[in-house]
Amino acid sequence: MFRSTTSLWAPPLLNSTERIRPIRSNYSAQPTLQIPVTKPQIPTPSRIAGAGAGAEAAAMPRWLSVTAGRDRCYRRSFTAAGLRPSTTGLGDGATVHLWLPRRPDPSRPALLLLHGFGALSTWQWAPYLRPLTRAGFDLYVPDLVFFGGSSTPAPARSESYQAQCVMAAMDALGVARFALAGVSYGGFVGYRLAAMYPAAVDRAVLICAGVCLEERDLAAGLLAVSDVAEAASLLLPQRPDKLRQLVNLTFSRPPPLMPNCFIRDYIQVMCTEYVKEKTELLHSLVNGRKLSDLPTITQPTLIIWGEEDRVFPLELAFRLKRHLGEKSQLVIVKNAGHAINREKPREVCKLIRNFCVDSSVKVRDRHKVTWSNVIRRFERSRLRRIDSGRPLL
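For the sequence shown, position 225 (counting from the first letter as 1) is numbered 225 according to full-length UniProt numbering, and the numbering increases by one without interruption.
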């Protein structure tokens with residue numbers, strides 16, 4: 001089902017840095033929100049960096065766009081799950097857009113969900129909302145800077161700056177302590193959050209987050225790319241062939257059919273905004289990166305990895321486990337690649353819930369005898385009899 005590794009050595013924790021102050025008046029730590037609410041922003045092709053086949057193609061009308069329609073469905077799923085969009089202004093001119101509970105409950109533990117590169121936070125976390133809400137969590141889902149509705153005029157591009165912006169937004173909302181889960185690049189930001197603000201982060205779930213990556217790993221051939229420029233051309237695809245290559249690299253079992261018209265539509269809607277700034281984020285993430293400079297977080301940490309991850313190979317999972325030591329757990333999920341949050345949402349959601357939930361939190365009784373539960377148990381038992389040799393993870 002999963003494998004675990006043993007701990008070796010871990011360097012000391014670095015000192016925390018000062019937080020970016022959010023703009024607010026008469027601030028109180030009470031759960032009552034004083035943050036202006038705005039509609040979530042949908043990316044528009046206004047800041048295209050570099051021309052390509054995808055950029056040259058004529059834009060599909062918004063009302064005909066399959067990608068835009070799917071994006072609206074994902075945002076509606078957030079609203080249906082009891083979340084609402086909000087935008088927080090920060091002291092350096094940055095703005096952080098995030099989804100938060102419509103009616104926050106201080107008695108429920110807060111869980112921060114951080115997205116990775118690629119699709120927006122709504123696309124990456126939509127399948128997790130209802131299960132985690134029912135498990136007793138108040139969910140907070142921000143857009144990282146230069147993704148979705150978040151941006152900054154500041155020149156900073158590091159994951160530490162991203163962590164400062166997220167923490168400032170959580171401060172403005174009066175959320176003093178929370179657990180977090182981060183996918184890929186979101187895991188990099190989550191790791192920095194845990195290192196910089198140990199009093200705020202209760203525990204962390206890092207999903208396929210190669211935080212122990214070193215710059216020399218690219219030249220050594222550990223990754224599928226040899227330099228940052230090649231990585232940017234894949235993670236920020238501007239041509240259909242690059243998007244196909246990205247999908248084949250990140251999914252264990254890529255979709256067999258990807259028509260060009262849908263690929264161009266996806267690139268036009270999702271991949272043409274802040275390309276220059278996102279490329280700078282990648283350079284800041286990799287250039288000069290050394291494991292010896294990485295702080296060791298002290299919070300309980302769950303490391304989740306896809307066994308067939310070809311973006312961040314398993315070596316980085318074992319390296320992270322050795323770096324964190326006994327306070328970390330490593331779970332390797334079978335038949336999953338780097339896009340494990342999309343390929344195995346039920347398994348990943350269950351791991352997050354079981355690791356982060358507090359036994360004192362009152363949650364819905366899933367074992368209550370109702371017809372829906374009886375039918376669900378019957379279906380599960382029938383599936384086990386048909387495919388009893390298949391592992392859960």
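The beta carbon of each residue, even a glycine, is placed where N, CA and C say it ideally should be.
Model, not experiment: these values are computed from the prediction.
query, result
"Can you tell me which of the three DSSP states residue 82 falls into?", "coil"
"So, are the CB atoms of residue 227 and residue 220 less than 9 Å apart?", "no"
"For residue 238, tell me which candidate among 216, 250, 114 and 266 has the shortest Cα-Cα distance.", "266"
"Assuming residue 191 and residue 213 are in contact, meaning their beta carbons sit under 8 Å apart, how far apart are those beta carbons, in whole angstroms?", "Not confirmed; about 11 Å, so no contact."
"Would you tell me roughly how many angstroms separate the C-alpha atoms of residue 160 and residue 94, rounded to the nearest one?", "14 Å"
"Could you give the first and the last residue of the continuous beta strand (DSSP E) run that contains residue 179?", "178 to 183"
"Determine the extent of the alpha helix (DSSP H) in which residue 101 is found, giving its start and end residues.", "No alpha helix (DSSP H) contains residue 101, which is instead part of the beta strand (DSSP E) from 95 to 101."
"Mind the definition here: the region 326 to 344 touches the region 296 to 313 only if three or more C-beta pairs lie below 8 Å; say whether that holds.", "yes"
"For residue 248, does the count of other Cβ atoms within 10 angstroms reach 16, so buried, or fall short, so exposed?", "exposed"
"Give the single residue among 209, 245 and 137 whose Cα lies nearest to the Cα of residue 225.", "245"
"Mind checking whether residue 189 and residue 172 have CB atoms under 9 Å apart?", "no"
"Tell me which residue opens and which closes the beta strand (DSSP E) that residue 329 is part of.", "328 to 333"
"Taking C-beta to C-beta, are residue 139 and residue 100 nearer than 9 Å?", "yes"
"One question on the structure: do residue 198 and residue 299 come within less than 9 Å of each other, judged by their Cβ atoms?", "yes"
"Going along the chain, which residues of its own chain have a beta-carbon closer than 7 Å to the beta-carbon of residue 81, five neighbours each way excluded?", "129, 130 and 133"
"Which runs of the alpha helix (DSSP H), 4 residues or longer, sit entirely within the region 260 to 336?", "260 to 270, 275 to 286 and 314 to 324"
"Beta-carbon separation of residue 77 and residue 126 under 9 Å?", "yes"
"Taking only runs of the alpha helix (DSSP H) that begin and end inside the region 184 to 258, which ones reach a length of at least 4 residues, in chain order?", "185 to 196, 216 to 219, 228 to 235 and 240 to 250"
"Tell me which residues share the same chain as residue 357 and place their Cβ nearer than 6 Å to its Cβ, disregarding the 5 neighbours each side in the sequence.", "135"
"Quick one: using the 10 Å Cβ neighbour count with 16 as the cut-off for buried, is residue 69 buried or exposed?", "exposed"
"How about residue 478 and residue 232: do their beta carbons lie closer than 9 Å?", "Lying before the first or after the last residue shown, residue 478 is absent from the chain, which here runs from 1 to 393."
"In angstroms with no decimal places, state the Cα-to-Cα distance between residue 66 and residue 291.", "42 Å"
"Have a look at the DSSP bridge pairing and note the partners of residue 140.", "112"
"Exposed or buried, residue 287, counting other C-beta atoms within 10 Å across all chains shown (16 or more means buried)?", "exposed"
"Residues in its own chain within less than 8 Å of residue 262 by CB, not counting five upstream and five downstream?", "66 and 67"
"Identify the residues that DSSP records as bridge partners of residue 158: which are they?", "Looking at the DSSP assignment, residue 158 forms no beta bridge with any residue, so it has no partner."
"Enumerate in chain order the residues of its own chain whose CB-to-CB distance from residue 254 is below 8 Å, with the five nearest sequence positions on each side excluded.", "247 and 248"
"Measuring straight from C-alpha to C-alpha, what distance separates residue 269 and residue 64?", "12 Å"
"How should residue 341 be labelled, buried or exposed, when 16 other C-beta atoms within 10 angstroms of its C-beta is the threshold for buried?", "buried"
"Hey, residue 183 and residue 115 are a contact pair by Cβ (cut 8 Å); roughly how many whole angstroms apart?", "6 Å"
"Among 208, 174, 177 and 88, which residue has its Cα nearest to the Cα of residue 397?", "Residue 397 falls outside the range modelled here, since the chain spans only 1 to 393, and no answer is possible."
"Could you tell me if residue 105 is buried or exposed, where buried requires 16 or more neighbouring beta carbons within 10 angstroms of its beta carbon?", "exposed"
"I need the boundaries of the alpha helix (DSSP H) containing residue 104, first residue and last residue.", "Looking at the DSSP string, residue 104 is not in any alpha helix (DSSP H), and its letter there is neither H nor E."
"From the DSSP output, which residues share a beta bridge with residue 151?", "95"
"Compare the C-beta of residue 117 with all C-beta atoms of chain D and state if any pair is closer than 9 Å.", "Structure shown: chain D not included; a single protein chain is present."
"Given residue 260, which residues of its chain have a CB within under 8 Å of its CB, disregarding the five upstream and five downstream residues?", "240"
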